[in-house]
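Position 100 of the sequence shown, counting from 1, maps to 200 under the numbering used here, and the rest follow consecutively.
Built from N, CA and C at the ideal position, the CB exists for glycine as well.
Please read the structure below before turning to the comments.
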Amino acid sequence: MAEKELPDSQIERVNWVIRAPTNEELQRRYNMWAEQYDGDVGSIDDYIAPSKLVEVAAEHLDPASHVIDAGAGTGLVGEALTAKGFTHLTALDFSAGMLEIARSKGIYHNLHECDLSKETALPENSGDALVTCGTTTQVPSTSLREYARLVRSGGKIVFAVVTGTWEEFGYAAIQEELEVAGRLRVSHKGERFQMMPTTEPQFICEIWVMDVL
Ligand SMILES: C[S@@+](CC[C@H](N)C(=O)[O-])C[C@H]1O[C@@H](n2cnc3c(N)ncnc32)[C@H](O)[C@@H]1O
101 MAEKELPDSQ
111 IERVNWVIRA
121 PTNEELQRRY
131 NMWAEQYDGD
141 VGSIDDYIAP
151 SKLVEVAAEH
161 LDPASHVIDA
171 GAGTGLVGEA
181 LTAKGFTHLT
191 ALDFSAGMLE
201 IARSKGIYHN
211 LHECDLSKET
221 ALPENSGDAL
231 VTCGTTTQVP
241 STSLREYARL
251 VRSGGKIVFA
261 VVTGTWEEFG
271 YAAIQEELEV
281 AGRLRVSHKG
291 ERFQMMPTTE
301 PQFICEIWVM
311 DVL
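Printed below as a string of structure tokens:
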């Protein structure tokens, strides 16, 4: 069966991408969507999660720290971090198309194309902090182990958590595993808000800060 191509309308594109049936198809759809992503998620002032996440990150992280942006996409989080004075940013994503847009913005020191469900080629303790936004329902939960490996002890993970899917997608179990192992502790849970009030009102989000121990 021929694979469907990029839909014509903004709402259809958002739904088509986020409902990709496999990881490979998700990657392919993001590559196709990359050039229209910022316009689609920003044009209706709907996707407020990056700015909410960065507000919390700015309260909990030193702007001089090396921050890894996991599932960085086109760099919306990186742009908001840069506006808050953060200068040392690394982008990780498995979509070359999305990373290409992020690269063109000139805000990331390094950009790596990698699948976050597996151990990446980056050494452990690579960053002082890691931020991730718009990823809970897409990046497999095994990524949380990789995040804890990438951040140095004493560092922090700032995570835009879609609360209703945290357990269903396996994140809660891996969080517990890391907590029991003495690797991670949730130190802050922010206010609840709708991640995309217009297009996906059912996604309720909280910004969590996790201390890497
Ligand atoms: C909704 S976008 C969020 C992008 C950006 N953080 C933002 O808030 O605009 C999700 C991103 O996760 C990436 N992604 C999804 N699954 C992934 C995986 N297994 N490994 C790496 N990146 C992945 C996609 O390519 C996409 O860029």
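Extent of the continuous beta strand (DSSP E) run through residue i
i, result
"residue 210", "210 to 213"
"residue 304", "300 to 312"
"residue 285", "284 to 289"
"residue 189", "188 to 193"
"residue 127", "Careful: residue 127 lies outside any beta strand (DSSP E), inside the alpha helix (DSSP H) at 123 to 142."
Residue i and residue j closer than 8 Å at C-beta
i, j, result
"residue 207", "residue 242", "no"
"residue 149", "residue 295", "yes"
"residue 318", "residue 231", "For the chain, the structure presents residues 101 to 313; residue 318 sits outside this window and is missing."
"residue 165", "residue 228", "yes"
"residue 168", "residue 199", "no"
"residue 202", "residue 175", "yes"
"residue 118", "residue 238", "yes"
Top-ranked residue by Cα proximity to residue i, from the options
i, options, result
"residue 133", "146, 147, 121, 109", "109"
"residue 284", "234, 218, 117, 256", "256"
"residue 291", "235, 155, 204, 240", "155"
Extent of the continuous alpha helix (DSSP H) to which residue i belongs
i, result
"residue 218", "Here residue 218 belongs to no alpha helix (DSSP H), and DSSP marks it neither H nor E."
"residue 265", "263 to 266"
"residue 147", "It is not in any alpha helix (DSSP H) - residue 147 carries neither H nor E in the DSSP assignment."
Which residues DSSP lists as bridging residue i, in chain order
i, result
"residue 228", "In the DSSP output, where bridge partners are listed per residue, residue 228 has none listed."
"residue 168", "190, 230"
"residue 260", "307"
"residue 269", "Answer is none; residue 269 lacks a bridge partner."
"residue 294", "304"
Rounded Cβ spacing between residue i and residue j (contact assumed at less than 8 Å)
i, j, result
"residue 222", "residue 248", "No, residue 222 and residue 248 are not in contact; Cβ-Cβ is about 13 Å, not under 8 Å."
"residue 138", "residue 299", "Contact doesn't hold; Cβ gap of about 15 Å is too wide."
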